[in-house]
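Residue numbers (numbering that gives the first Met the number 0), protein chains in the order written: chain A, 0 to 324; chain B, 0 to 359.
In what follows, a single structure is set out as structure tokens and then discussed.
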Amino acid sequence: MLWYIARRIIYLIPTLLIVSIIAFVVIQLPPGDFLASLISKAEETVDQAQVDALRERYGLDEPIYVQYWKWISGIITKGDFGRSFEWNKDVSDLIWERLGLTVVISLLTLAFIWIVAIPIGIYSAVKKYTIGDYVVTVIGFIGLAIPNFLLALVLMYIAFRYFGQSVGGLFSPEYIVAEWSLDRVLDLLSHLWLPVIILGTAGTAALIRVMRANLLDELSKLYVDAARARGLSELKLLFKYPVRVALNPLVSAVAWVFPALVSGSAITSIVLNLQTTGPLLYRSLQAQDMYLAGSLILLVSVLTIIGTLVSDILLAWIDPRIQLQ
Amino acid sequence: MQPTHTKLDHVDDTAKIDNQTLLDVKDLKTHFFTDEGVVKAVDGVNLSLKRGETLCVVGESGCGKSVTARSILRIVPSPGEIVSGEINFQQRDGEVIDLAGMNPKGREIRKIRGGEVSMIFQEPMSSLSPVHTIGSQIMEAILLHLPVSRQEARKRAVSMLDLVGIPRPSEQLDAYSFELSGGMRQRAMIAIALACEPQLLIADEPTTALDVTTQANILDLIRDLQQDSGMSVLFITHDLGVVAEIADDVVVMYLGRDVESGDVDSIFHDAKHPYTRALLQSIPRYDSRENRRLYSIKGTVPHPFGRPNGCPFHPRCDDFIADRCDSIDPPRHSIKGEHSVRCLLYSAADEAPSNKDVPS
Chain A
0 MLWYIARRII YLIPTLLIVS IIAFVVIQLP PGDFLASLIS KAEETVDQAQ
50 VDALRERYGL DEPIYVQYWK WISGIITKGD FGRSFEWNKD VSDLIWERLG
100 LTVVISLLTL AFIWIVAIPI GIYSAVKKYT IGDYVVTVIG FIGLAIPNFL
150 LALVLMYIAF RYFGQSVGGL FSPEYIVAEW SLDRVLDLLS HLWLPVIILG
200 TAGTAALIRV MRANLLDELS KLYVDAARAR GLSELKLLFK YPVRVALNPL
250 VSAVAWVFPA LVSGSAITSI VLNLQTTGPL LYRSLQAQDM YLAGSLILLV
300 SVLTIIGTLV SDILLAWIDP RIQLQ
Chain B
0 MQPTHTKLDH VDDTAKIDNQ TLLDVKDLKT HFFTDEGVVK AVDGVNLSLK
50 RGETLCVVGE SGCGKSVTAR SILRIVPSPG EIVSGEINFQ QRDGEVIDLA
100 GMNPKGREIR KIRGGEVSMI FQEPMSSLSP VHTIGSQIME AILLHLPVSR
150 QEARKRAVSM LDLVGIPRPS EQLDAYSFEL SGGMRQRAMI AIALACEPQL
200 LIADEPTTAL DVTTQANILD LIRDLQQDSG MSVLFITHDL GVVAEIADDV
250 VVMYLGRDVE SGDVDSIFHD AKHPYTRALL QSIPRYDSRE NRRLYSIKGT
300 VPHPFGRPNG CPFHPRCDDF IADRCDSIDP PRHSIKGEHS VRCLLYSAAD
350 EAPSNKDVPS
């Protein structure tokens, strides 16, 4: 088991290297660079000599592989992710807090999805084709169909209009730039519920369907009848056998739920004004702020790979049929 | 359609279940209420099983054998329901109870399941949980029905695995089903079924999914265990070779009802019903000199919604009597002793076509 994990971590290195190259190249592919997009937005005309000077200073006139090498060797040797042109700050100063918040929100959302979806999915499968099942199914489809950002706008409006609560962002205004303290953590927690619900809605709806389908498959299996024929009560039977087996595919779903939450919720995060990585990545790509964008994509990839590894290990742990070789 | 009753030659169904009888199923009807219509999977089955004996239920696929077995344990899958009939079962304490009248999710039937009546299924591949050890499933049955501690249950589980001939039983207790071969899985299923010494073992085609050598081993095992414990066995099969080997009594089923029943000798040597005779003719014989094609019953089992009027077998019957077999539902007719048949060839003299069954 330990050897398996170690080997998976070793495999991680070439994967990340390839991802970083692809990310870097893709960011550079559109014509122009950061300075070009800066100039196009600038109101007064920019002196060409000044531009050239800047270009040299940022190393933008060098070939792409030289730029890549500088960036990646900085990360490996000094943990230096380069400098964000747009923010005029080191990338590492920008991303760590946001990455931390993103991971917290993602984990909470994942927990929310599971806690809500699994019991509803079980109910829906056991009470197949009853009114309760239909109600849950309809709500589930609505949850799937409404875009998260729209739901965010509606809920923000309701919260503001009827409860007088400022709901955007993760902190109250006075805590946004404050140092970490107990009060700031409490403030964060009081703001987290809304984004967690909004980000979790579509995932919950999808997971209810998955859980229902998985469980329906298992409920008709012969081992369920065999356990019933042994004299087990219906409730014990349900949780010991079919639910237990139906959960296995959900664990492998961790692998894709996690990166989707980290990178895929950019628009919702922008609407909700969340200090997560999604909006930062979005802006850096627009501005061709390549070191920031590249670093974010690299970190999202790391999270994805870690998510996959965690789900593989969990799956091997709960399902004896899977052998780690 | 109601069976046409006659005063003469009609087997007396009202007899109380006697001391020697363990299970007595009377006119059991289990129907499935689907959106397309009602499927009468079991439509008036009678069978009776004595203590320590083996009753074989035979018939083609789709004739209601498995549903009959599941009805006894009340594990008919939805939308199936027992609509009428009795399943009288004599408990260990001598009390006779009607399983058909019980709540299928209730406490009483759960005490019967696994404790007094156990069942093994057709596919040992899928009747064990894929994510639990063999031991946990045997111990579950033991702990449900016997007042023992976990350690005692574990000990008993090991001895059960030993009893059914699984090598290295204390190691195999912690094995998962996917680590065992098909034959070993069926042995494990038998160990689970017999862990609480049931009075009745229902075996629903337990050897169908196994290869021939393993089949013989499993049959021998069931027979040996039966001799040691004195339990009764309700054995469901479509393999007449198996029937000849293990049965005391036989019930032949066709389209959800018993068409002929009797002791194994009467069925094999004095079969009355054309269906039984046709089944017997369909057995390949190695000593047959003539190079003939193997006999096969014409046609197939009708679609569940297209149930023929009168005798359900008449469209495939070689002895079909026009205007009678397609309109009269044949009553049970006693031949000799417990040998009885539902066929108009034998009760023809007492029967007049009744108009109400003639399709308009």
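Don't be surprised by glycine CBs; every beta carbon is placed ideally from N, CA and C.
Since the model is a prediction, treat every value here as computed from it, not as a measurement.
Residue i (DSSP reduced to helix, strand or coil)
i	result
B:Gln185	helix
A:Gln47	helix
B:Asn87	strand
B:Glu59	coil
A:Tyr174	helix
B:Gly36	strand
B:Ser128	coil
B:Glu259	strand
B:Ser281	coil
A:Asp182	helix
A:Tyr133	helix
B:Ile111	helix
B:Asp238	coil
B:Ile221	helix
B:His302	coil
A:Ile312	helix
B:Met138	helix
B:Glu175	A quick correction: the sequence has Tyr, not Glu, at residue 175 of chain B. The answer is strand: DSSP assigns B:Tyr175 an E or B state.
B:Asp328	coil
B:Val250	strand
B:Ile165	coil
A:Ile296	helix
Within chain A, the residues that residue i reaches when beta carbons sit closer than 7 Å
i	result
B:Leu72	Ala228
B:Leu143	Arg229, Gly230, Leu231
B:Ser125	Lys220, Leu221, Tyr222
B:Ile235	Within 7 Å Cβ-Cβ: nothing; B:Ile235 doesn't reach chain A, min ~14 Å.
B:Ile191	Arg229
B:Lys39	Neighbours of B:Lys39 on chain A: none; closest Cβ ~22 Å, over 7 Å.
Residue(s) in a DSSP beta bridge with residue i
i	result
A:Lys88	A:Ser83
B:Thr29	B:Val41, B:Ile81
B:Val232	B:Thr53, B:Leu200
B:Thr377	Residue 377 of chain B lies beyond the stretch modelled for chain B, which goes from 0 to 359, so this question has no answer here.
B:Thr213	The partner list for B:Thr213 (beta bridge, DSSP) is empty, contrary to what the question assumes.
A:Asp216	Its beta-bridge partners do not exist; DSSP assigns none.
B:Ile119	B:Ala202
A:Tyr161	In DSSP, A:Tyr161 forms no bridge with anything.
B:His268	None; B:His268 has no bridge partner.
B:Lys335	B:His338
B:Asp97	B:Asn87
Partners in chain B for residue i, counting only beta-carbon separations shorter than 9 Å
i	result
A:Arg320	Pro129, Val130, Tyr175, Phe177
Contact set between residue i and chain A, taken where Cβ atoms lie within less than 8 Å
i	result
B:Met118	Ala225, Ala228
B:Ala140	Arg229, Gly230
B:Arg109	Gly230, Leu231, Ser232
Near the ligand SAM: residue i beta-carbon under 7 Å from a heavy atom
i	result
A:Pro13	Because no ligand of any kind appears in the structure shown, any question about the ligand SAM cannot be addressed here.
Cross-chain neighbours of residue i in chain B, by beta carbon under 7 Å
i	result
A:Val244	Pro129, Val130
Chain B residues whose Cβ lies nearer than 8 Å to that of residue i
i	result
A:Tyr240	Ser128, His131
Within chain A, the residues that residue i reaches when beta carbons sit closer than 9 Å
i	result
B:Arg112	Arg227, Ala228, Arg229, Gly230, Leu231
B:Glu122	Leu221
B:Arg153	Ordered by position in chain A, no residue passes the 9 Å Cβ test against B:Arg153, which lies about 17 Å from the chain.
B:Asp64	The amino acid occupying residue 64 of chain B in the given sequence is Lys; Asp does not appear at that position. Neighbours of B:Lys64 on chain A: none; closest Cβ ~15 Å, over 9 Å.
How do the segment 310 to 318 of chain A and the segment 191 to 200 of chain A stand: do at least 3 beta-carbon pairs fall below 8 Å, yes or no? no
Which residues, in order along the segment 197 to 220 of chain B, keep a beta-carbon less than 7 Å from a beta-carbon of chain A? none
Three or more C-beta pairs under 8 Å: does that hold for the segment 167 to 178 of chain A against the segment 278 to 288 of chain A? no
For the segment 210 to 223 of chain B against the segment 129 to 147 of chain B, are there 3 or more C-beta pairs whose distance is under 8 Å? no
The segment 178 to 193 of chain A: which residues have C-beta closer than 9 Å to a C-beta of chain B, in chain order? none
Near-chain B residues of the segment 78 to 108 of chain A (beta-carbon distance less than 9 Å), N- to C-terminal order: none
The segment 109 to 127 of chain B / the segment 168 to 185 of chain B touching (three or more Cβ pairs under 8 Å): yes
Got a sec: which bits of the segment 114 to 140 of chain A sit with their beta carbon under 8 Å from any beta carbon on chain B, in order along the chain? none
Does the structure place the segment 45 to 60 of chain B close enough to the segment 160 to 174 of chain B that three or more beta carbon pairs sit under 8 Å? no
Using 8 Å as the cut-off, can you tell me whether the segment 120 to 136 of chain A makes contact with the segment 206 to 215 of chain A, which would need three or more C-beta pairs spanning the two stretches below that distance? yes
Determine contact between the segment 295 to 304 of chain A and the segment 11 to 30 of chain A, defined as no fewer than three beta-carbon pairs at a distance below 8 Å. yes
Within 8 Å, do at least three Cβ pairs link the segment 137 to 151 of chain B to the segment 192 to 204 of chain B? yes
Taking 8 Å as the threshold, find out whether the segment 71 to 80 of chain B comes into contact with the segment 246 to 262 of chain B through three or more Cβ pairs. no
Validate contact between the segment 221 to 236 of chain B and the segment 199 to 212 of chain B using beta carbons, cut 8 Å, 3 pairs: yes
Are there three or more Cβ pairs, one per stretch, closer than 8 Å when the segment 230 to 246 of chain B is compared with the segment 25 to 37 of chain B? no
Counting Cβ pairs, one atom from each stretch, are 3 or more of them under 8 Å apart for the segment 199 to 206 of chain A and the segment 74 to 81 of chain A? no
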